[in-house]
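Heads up: the sequence shown runs through residues 1 to 177, numbered per UniProt numbering. Here a beta-carbon is modelled for each residue, glycine too, at the ideal position from N, C-alpha and C.
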Amino acid sequence: MELKRFEIFKNQDQENGYFDCTLIIDGKKLFVHKYFLASASEVFSVMLSDQWNKNDELKIENPDYSYENFYHFITFIYSGTCNLDAENIFVLTDMAEFFHVESLKILCDEFLSNMNFDAGNIVQAFEFAQKYSLEKFENSLKNFIRYNYGDILQTEAFLGFKKSFVEFMSTICKYDM
């Protein structure tokens with residue numbers, strides 16, 4: 001059933017797909033079913049309610065959300081899976097948070113926890129994990145710091161690290177080493 005539902009969405013055949021809503025992202029149309037969006041996300045439920053939306057079109061006006069990324073996001077709602085990669089993972093995590101799609105956020109957390117980072121981008125990764133409360137990702141960063149502590153201290157950026165990251169590092173070193 002889920003596969004058939006996804007095939008209908010993927011085909012984007014407005015005449016045969018029984019779509020009852022059109023999302024407009026970057027001027028491009030994406031035909032959807034309100035029921036699937038509203039059942040997956042309280043935010044969509046409110047956005048699509050008659051109180052807020054008097055017609056069957058909904059413009060998504062966030063410059064960070066491209067049509068392609070939004071397509072991946074809606075694909076997840078229809079199928080329970082989507083293609084995550086290093087290019088879209090940060091935007092899809094943000095979308096999962098914004099639209100309150102917890103199952104996608106969990107999938108993103110898992111994906112991020114398996115990504116490779118280095119001493120040069122560990123602070124940005126930490127800030128992202130903190131911002132979105134990504135527990136698995138944060139734990140993988142702790143492991144990275146634990147095994148690369150010396151390299152991190154040797155980076156030119158070390159003296160400019162934010163206090164929150166230095167405190168995070170110190171708790172890892174104090175309790176985990």
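Residue range of the unbroken alpha helix (DSSP H) whose run includes residue i
| i | result |
| --- | --- |
| L92 | 89 to 98 |
| T75 | 67 to 79 |
| K105 | 102 to 113 |
| L37 | 34 to 40 |
| F117 | No alpha helix (DSSP H) holds F117; DSSP gives it neither H nor E. |
| A86 | Neither: A86 is in no alpha helix (DSSP H) and is coded neither H nor E. |
| E127 | 122 to 131 |
Alpha carbon of residue i to alpha carbon of residue j, nearest angstrom
| i | j | result |
| --- | --- | --- |
| F36 | K29 | 17 Å |
| V25 | T171 | Residue 25 is actually Ile in this sequence, not Val. If you take the alpha carbons of I25 and T171, they lie about 43 Å apart. |
| M95 | L134 | 14 Å |
| M177 | F128 | No answer about M177 holds up, because its pLDDT of 46 lies below 50 and its placement is not dependable. |
| N121 | K136 | 18 Å |
| K10 | L141 | 36 Å |
| N114 | C82 | 16 Å |
| A40 | Y149 | 41 Å |
| D85 | D56 | 32 Å |
| E97 | S103 | 10 Å |
| G80 | Y67 | 19 Å |
| N69 | E138 | 24 Å |
| Q14 | E110 | 35 Å |
| V101 | V46 | 14 Å |
| A125 | F99 | 22 Å |
| R146 | F19 | 51 Å |
| E7 | F144 | 40 Å |
| Y78 | K131 | 27 Å |
| F44 | E87 | 25 Å |
| L48 | L107 | 25 Å |
| Q12 | F31 | 6 Å |
| I152 | G160 | 12 Å |
Presumed contact (8 Å Cβ cut-off) between residue i and residue j, rounded CB distance
| i | j | result |
| --- | --- | --- |
| F73 | L92 | 6 Å |
| L112 | L58 | Contact doesn't hold; Cβ gap of about 29 Å is too wide. |
| F165 | V123 | 5 Å |
| C21 | K4 | With 8 Å as the limit, C21 and K4 do not qualify as a contact, their Cβ atoms being about 19 Å apart. |
Start-to-end residues for the beta strand (DSSP E) that takes in residue i
| i | result |
| --- | --- |
| C21 | 21 to 25 |
| E156 | Neither: E156 is in no beta strand (DSSP E) and is coded neither H nor E. |
| L58 | 57 to 60 |
Closer than 6 Å: residue i CB and nearest the ligand MN heavy atom
| i | result |
| --- | --- |
| N148 | Inclusion of the ligand MN in the displayed structure is not the case, the ligand content being empty and no account of it being possible. |
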